[in-house]
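Structure record follows, encoded as structure tokens.
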Amino acid sequence: MSNEKTPEYKPYHHPAGGWGAAGATAKVLMEQSVLVKGSRGLLAMNQPGGFKCPSCAFPDPDHRKTLEFCENGAKALAHEATKGRVTREFFEKYTVTELMQKSDYWLEMQGRLTEPMRYDAQSDRYVPVAWDDAFALIGKHLRALDSPHQAEFYTSGRTANETAFLYSIFVREFGTNNFPDCSNMCHEPTSRGLAPAIGIGKGTIVMGDFEHAEAIFVIGQNTGTNSPRMMTNLVEARKRGVPIVLINPMPERALIRFTEPQDVLQMGTFGSTPISSEFVHVRIGGDLAIFKGMMKALFEAEARGEKVLDLDFIHEHTAGLDALRDDAMGCSWDEITRISGITEAQIRKIADIYMKSNATIICYGMGLTQHQEGSRLIQQVANLLLLRGNFGKPGAGIAPIRGHSNVQGDRTVGIDEKPTEAYLDRVRDVFGFEPPREHGHHVLEAVEAMEAGTAKVFFGMGGNFIRAVPDTERSYAAMRNLNLTVGVATKLNRGHLVHGRDALILPVVARSEIIRTQAGEQFVTIEDAMSNVTASRGVFEPVTEHVLPETEIVCRMAMATLPNSRTPWAEYMVDYTLIRDRIAAVYPEIYADFSEKIKDPHGFHLDIPPRRRVWKTPNGKANFLVLPGLEVNVPVKDAAMLRLATIRSHDQYNTTIYSNSDRYRGVYNTRLVVFMNKDDMAERGLSNGDVIGLETYSDDGIRRYVDGLNVLDYPMPRGAIAGYYPELNPLLPLDYFDEISGTPAAKSIPVKVVESVASAPPIRIAG
């Protein structure tokens with residue numbers, strides 16, 4: 001193992017999970033000085049009566065183990081429970097200009113925010129501010145706007161249902177639907193793309209379906225890093241002999257071999273389970289061609305008289321089959337294989353796996369959603385499933401593997417820049433004010449409004465907005481145009497340093513901490529990626545007496561901004577049952593009897609009509625939707641062009657950097673690397689470890705360039721490279737996105753290698 005200061009590339013050949021995960025868990029608890037406290041918290045995480053993991057949105061199993069967490073969950077908890085503190089003395093020591101020179105990892109490692117802070121321009125420092133004064137400043141800025149639409153209200157996926165619901169009510173009573181949300185940058189194509197196909201923009205499976213599946217496809221998703229608890233389901237499926245097909249440009253270690261850290265026998269014998277039965281090494285942007293090839297194979301088999309389509313299901317429940325058949329059959333195998341990079345034989349092989357399965361689950365991640373046609377790509381996944389009736393039966397369905405905990409729940413309870421008329425009518429009837437009807441801004445539109453000067457205030461309910469969005473330099477400049485920026489957070493991040501003329505940092509009670517009000521101890525609720533709603537109760541004392549629950553922050557902001565509001569904010573602030581009753585009133589179809597249902601320690605499932613083979617579409621049918629052609633991204637500009645996918649490391653969660661290493665990919669003590677095919681390297685005269693720059697192909701006259709990157713020989717397809725987010729966000733133009741959802745196309749950025757002019761520390765190449 002290299003020391004802390006020496007970058008090293010040493011390919012990882014061990015199974016994922018296992019002793020490596022166990023060791024990493026113990027290490028992070030010790031690093032944050034919370035070995036005893038953290039261990040106690042891990043026993044309560046994802047358990048009835050405890051708190052929900054602040055990391056990913058993967059559901060709890062039907063039958064819980066004593067320890068129901070993964071390595072990433074342990075890291076999230078350790079960093080939340082850390083003994084590190086960011087106090088007023090810290091801000092006295094550093095100016096904001098000095099803090100901007102620090103790395104994202106360094107900022108994360110400073111610890112928990114302890115009291116509200118206000119930016120002082122004269123000293124270029126954050127200084128303490130009383131909570132009442134902070135809310136007064138927010139109210140002053142919001143009331144001074146010429147229009148409510150000059151404010152942008154961002155939401156992070158970790159915000160609980162109760163807070164998100166009240167936040168949506170406050171913002172609409174204020175007068176706008178400007179709700180840029182973290183889902184805009186990840187699974188918005190699911191929300192916008194699936195609904196026209198099956199009537200709802202959510203997944204359709206439950207955890208029990210993994211036990212009945214006869215085939216599982218995992219597309220564009222690094223399960224072992226992004227949703228490690230899902231690995232248990234895949235291991236159990238493989239042990240039953242279920243084929244697992246992985247379609248991805250990067251071979252991921254956990255989907256090759258995995259050791260369950262809680263399997264005593266495997267751990268004791270250093271055993272492991274092979275996961276993927278078929279790895280499809282697709283080129284970036286080649287997924288559509290694979291889907292078309294699979295559908296073509298199905299239609300060809302049907303034409304030969306083989307009964308591979310579920311015609312009874314199709315005739316009763318769907319519309320549009322003929323157009324889909326004509327489109328797929330019109331695609332040539334030569335073009336399918338050229339664009340996908342996959343042989344006809346392998347595409348036919350995975351199509352055969354699909355045809356032989358009577359119950360198939362297709363899981364996918366941002367490798368599908370973050371493309372220029374992300375929404376319509378998801379529709380093609382739905383097409384495949386519909387052809388064999390893989391909805392509304394055990395072991396079958398579509399499974400978007402969402403990231404942040406409660407990112408799905410926030411959308412369900414009102415965080416939506418394009419609300420339906422029916423929803424707005426219910427808000428009017430329940431709360432007694434007329435909500436705005438015009439659509440608001442998603443993330444990219446919010447940045448554009450800041451850049452144009454038409455946005456004046458930004459309120460961030462959690463997250464690290466400025467580090468997550470594309471086009472870093474443009475976005476930084478846009479944020480600095482604002483009159484006020486507010487960040488609600490547990491930890492210091494880049495979003496607090498790229499700020500408006502006035503700025504506030506508001507520290508919040510963490511997911512693992514107890515919420516106490518005048519009415520006693522409160523709990524919140526979380527919706528997981530399979531639409532199960534469960535309670536979350538913190539077990540630790542708040543980090544200091546000067547942090548507030550998110551819900552109280554929303555209510556007090558509302559009272560400071562809307563002094564004549566008839567909404568009983570002061571009551572909601574202390575009794576969260578009242579909030580759940582209002583959620584039930586606005587959403588009677590799915591949240592009826594909310595307060596009673598949530599008493600079940602395992603929670604309850606929201607209704608997903610496709611599970612009942614009910615389709616809430618205009619024609620009452622599930623729809624086959626055609627995406628013509630085989631290309632889903634920018635065509636090749638010239639022979640030098642590569643398609644860049646930005647990725648997360650194994651020691652990272654969204655923009656939170658836990659260390660500068662990526663164990664499963666063999667990268668240690670650096671994040672300034674790109675992974676490239678060895679033949680692409682040879683064509684450019686590059687050797688392993690060489691330092692390069694990357695430049696984006698763009699037509700707007702702006703040069704987007706990142707320098708000082710070590711290039712690493714990695715099994716990538718020809719023409720594809722990958723590198724870490726957010727370091728490579730400067731290469732992604734704001735105007736490169738999926739038109740339907742507004743999601744940035746971060747998985748297929750057209751770039752070329754250019755000569756480096758930066759000095760970079762040498763990287764040691766081992767093995």
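Just so it is clear: in the sequence shown, position 563 is 563 by UniProt numbering, and no numbers are missing.
All residues carry an ideal CB built from backbone N, CA and C; glycine is no exception.
What are the start and end residues of the beta strand (DSSP E) that includes residue i?
| i | result |
| --- | --- |
| M461 | V457 to M461 |
| S536 | N532 to S536 |
| Q522 | G520 to Q522 |
| G487 | L484 to A489 |
| E541 | Counting along the chain, E541 falls outside any beta strand (DSSP E), and DSSP gives it neither H nor E. |
| R118 | M117 to D120 |
| T225 | T225 -> not in any beta strand (DSSP E); alpha helix (DSSP H) instead, spanning T223 to N226. |
Grab the span of the alpha helix (DSSP H) containing residue i for me, first residue to last.
| i | result |
| --- | --- |
| D581 | Y576 to V586 |
| K752 | Looking at the DSSP string, K752 is not in any alpha helix (DSSP H); the run it does join, the beta strand (DSSP E), is I749 to E755. |
| R172 | N161 to F174 |
| L444 | V443 to A452 |
| E89 | R88 to K93 |
| G693 | Note, G693: premise wrong, no alpha helix (DSSP H); beta strand (DSSP E) at V691 to T696. |
| I216 | Unbroken run through I216 is the beta strand (DSSP E), A215 to I219; no alpha helix (DSSP H). |
| L234 | M230 to K239 |
| F153 | Careful: F153 lies outside any alpha helix (DSSP H), inside the beta strand (DSSP E) at A151 to T155. |
Express the C-alpha separation of residue j and residue i in angstroms, rounding to a whole number.
| i | j | result |
| --- | --- | --- |
| V413 | V127 | 35 Å |
| F459 | H212 | 45 Å |
| P54 | T655 | 14 Å |
| L67 | A74 | Because L67 carries a pLDDT of 48, less than 50, the predicted location of this residue cannot be relied on, and the following value inherits that uncertainty. In a straight line, the C-alpha of L67 is about 11 Å away from that of A74. |
| A760 | L709 | 7 Å |
| M176 | P435 | In the sequence as presented, Met is not what sits at residue 176; that position holds Thr. Their Cα atoms are separated by approximately 8 Å. |
| R764 | N669 | 10 Å |
| G629 | K491 | 46 Å |
| L265 | K102 | Bear in mind that a pLDDT of 41 at L265, under 50, signals an unreliable position, so the model cannot answer this. |
| P243 | E344 | 19 Å |
| V673 | I702 | 23 Å |
| M267 | A301 | For M267, the pLDDT reaches just 38, beneath the cut-off of 50, and the residue's location in the model is therefore unreliable, leaving the point undetermined. |
| E236 | G139 | 53 Å |
| L627 | L194 | 14 Å |
| I415 | T190 | 15 Å |
| D699 | P730 | 15 Å |
| Q380 | L288 | 8 Å |
| N564 | R426 | 21 Å |
| T743 | Q370 | 6 Å |
| M557 | L504 | 13 Å |
| D707 | T646 | 15 Å |
| I598 | N633 | 44 Å |
| R516 | Y105 | 32 Å |
| V543 | R704 | 41 Å |
| G199 | T318 | 12 Å |
| R240 | G208 | 15 Å |
| E527 | L606 | 9 Å |
Compute the distance between the beta-carbons of residue i and residue j, then report whether it is under 7 Å.
| i | j | result |
| --- | --- | --- |
| H650 | R402 | no |
| H13 | L484 | no |
| L246 | F299 | no |
| A399 | I205 | yes |
| I579 | E162 | yes |
| P228 | E373 | no |
| Y697 | P733 | no |
| F624 | N390 | no |
| F217 | N233 | no |
| M295 | A328 | yes |
| G603 | N688 | no |
| G111 | G84 | yes |
| A136 | L386 | no |
I'd like to confirm the pairing. Which residues does DSSP put opposite residue i in its beta bridges?
| i | result |
| --- | --- |
| M676 | D713 and I721 |
| C56 | H404 |
| E438 | Partner(s): none; E438 has no beta bridge. |
| M45 | F51 |
| R764 | E8 |
| Y126 | Y119 |
| R112 | R85 and K491 |
Is there a Cβ of chain D sitting closer than 7 Å to that of residue i, yes or no?
| i | result |
| --- | --- |
| P618 | Among the chains in the structure shown there is no chain D, since it carries only a single protein chain. |
Can you determine whether any heavy atom of the ligand GDP sits closer than 6 Å to the C-beta of residue i, and answer yes or no?
| i | result |
| --- | --- |
| G367 | The ligand content of the structure shown is nil, which means the ligand GDP is not present either. |
Every unbroken alpha helix (DSSP H) inside the stretch 177–201 [4 residues or more]:
Whole alpha helix (DSSP H) segments, 4+ residues: 188–198.
Uninterrupted beta strand (DSSP E) stretches inside the stretch 318–380 (no shorter than 3 residues):
Every beta strand (DSSP E) of 3 residues or more that sits fully in the stretch 318–380 is shown, in chain order, as 360–364.
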